[in-house]
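Numbering (this note's numbering), first residue to last: 1 to 296. A virtual CB, placed ideally from N, CA and C, is assigned to each residue, including glycine. Please read these numbers as outputs of a predicted model, since none were measured by experiment.
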């Protein structure tokens with residue numbers, strides 16, 4: 001990665017961390033344990049890929065900074081809530097996330113459940129209070145995030161994932177699962193950032209959707225490769241868990257090298273989708289590269 005992109009990324013990550021902290025209740029506000037656990041789950045870790053996508057897409061259309069801040073925080077809160085619930089014993093049952101004990105381990109299962117619930121509500125409260133764009137567009141943004149989070153998006157993908165343990169999936173079925181589980185929220189990040197700038201034309205939305213679809217799948221393909229090849233210290237979560245849990249992955253279906261080749265193809269597809277946007281899409285192109293070429 002070049003120095004300019006690295007500086008931009010660090011600036012967005014640091015700004016997002018500060019914004020997220022400001023959008024959460026303080027740890028000493030009643031109920032203190034819940035608020036402390038919410039902050040534990042959300043702050044001080046993570047690549048912040050979704051906020052980066054929000055800001056990169058916002059750069060296409062000169063989006064309002066305050067609206068981008070709220071959109072980035074909202075989508076990251078939804079992502080963090082999903083991780084808290086995903087790690088619980090009734091789901092993936094993991095004890096390590098972002099290099100530290102998962103919320104149900106650091107606190108308890110009931111608190112972890114409530115943390116997820118509360119972060120989800122907080123996300124929509126934060127997004128709904130965006131005042132620099134027309135109310136109709138704020139409503140469209142809220143609806144977009146809700147759809148991406150629910151049974152037609154992330155939660156639906158999680159349900160398919162849980163039902164797929166120990167059974168064989170076709171490549172098409174695996175892709176469908178991950179377009180919902182991972183891809184829907186990544187697409188929402190891109191479109192939310194763009195909507196912070198303007199109402200989108202059909203061509204603009206289609207281009208962003210093609211880009212988001214490519215990076216959404218690429219993100220999961222690379223996750224599967226890393227799960228099979230990296231160690232827990234590098235990943236910040238338990239390595240090899242998909243294989244241990246007998247979950248279908250791109251690596252288990254395609255093999256390691258074909259999975260890497262697929263990720264590279266998807267990176268090029270993402271670049272091609274951005275061609276009509278010209279140089280304003282530079283950060284989105286660089287993020288596609290980051291998603292495919294990351295090591296953790």
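Using only alpha-carbon positions, find the residue among the options that is nearest to residue i.
i           : options            : result
residue 44  : 32, 16, 125        : 16
residue 212 : 226, 273, 290      : 273
residue 225 : 291, 191, 65, 183  : 291
residue 66  : 132, 178, 190      : 132
residue 252 : 276, 174, 201, 205 : 174
residue 114 : 193, 37, 196       : 37
residue 145 : 122, 134, 161, 163 : 122
residue 338 : 2, 152, 126        : The requested residue 338 is not part of the displayed model; the chain covers only 1 to 296.
residue 152 : 5, 263, 199, 176   : 176
residue 86  : 106, 18, 162       : 162
residue 192 : 138, 97, 120       : 138
residue 247 : 276, 228, 285      : 228
residue 250 : 217, 47, 97        : 217
residue 41  : 5, 108, 210        : 108
residue 285 : 147, 55, 199       : 55
residue 99  : 46, 81, 124        : 46
residue 118 : 80, 105, 88        : 80
residue 194 : 147, 64, 276       : 64
Contact check, residue i vs residue j under 8 Å by CB: the rounded distance?
i           : j           : result
residue 103 : residue 112 : 4 Å
residue 9   : residue 52  : 6 Å
residue 270 : residue 296 : Incorrect: roughly 20 Å between the Cβ atoms, too far for contact.
residue 50  : residue 189 : 4 Å
residue 171 : residue 214 : Incorrect: roughly 16 Å between the Cβ atoms, too far for contact.
residue 78  : residue 120 : 6 Å
residue 129 : residue 70  : 7 Å
residue 304 : residue 209 : In this structure the chain extends from 1 to 296, so residue 304 is not present and cannot be described.
Is there a C-beta anywhere in chain C that falls below 8 Å from the one on residue i?
i          : result
residue 57 : Structure shown: chain C not included; a single protein chain is present.
_4-residue-minimum alpha helix (DSSP H) runs that sit fully inside the segment 96–151, ordered along the chain_ = DSSP runs (the alpha helix (DSSP H)) wholly in the segment 96–151: 103–106, 109–128, 135–149.
*Taking three-plus beta-carbon pairs below 8 Å as touching, is the segment 10–29 in contact with the segment 70–86?*
Touching, per the Cβ criterion.
*Sufficient close CB pairs (3 or more, under 8 Å) joining the segment 254–265 to the segment 213–228*: Because the criterion of three Cβ pairs below 8 Å is met, the segment 254–265 and the segment 213–228 touch.
_Meets three-Cβ-pair contact criterion under 8 Å: the segment 48–62 and the segment 273–282_ = Yes: at least three Cβ pairs fall under 8 Å.
_If contact is defined by three or more beta carbon pairs under 8 Å, each pair taking one atom from either stretch, is the segment 164–181 in contact with the segment 32–49?_
Contact fails: fewer than three Cβ-Cβ distances are below 8 Å.
_the segment 143–161 touching the segment 178–185, judged by at least three CB pairs closer than 8 Å_ = The segment 143–161, when compared against the segment 178–185, does touch it at the 8 Å Cβ threshold.
*asked:* For a minimum of 4 consecutive residues, which ranges assigned as the alpha helix (DSSP H) are wholly contained in the segment 154–220?
replied: Secondary structure within the segment 154–220: the alpha helix (DSSP H) runs of 4 or more consecutive residues, fully enclosed, are 154–163, 171–178, 184–195 (chain order).
*asked:* Which runs of the alpha helix (DSSP H) at least 4 residues long sit entirely within the segment 26–92? Give them in chain order.
replied: Here the runs fully enclosed are 32–42, 49–58, 65–86.
_Segments assigned alpha helix (DSSP H), at least 4 residues, entirely inside the segment 248–279_ = For the segment 248–279, whole alpha helix (DSSP H) runs of length 4 or above, ordered along the chain, are 250–254, 256–273.
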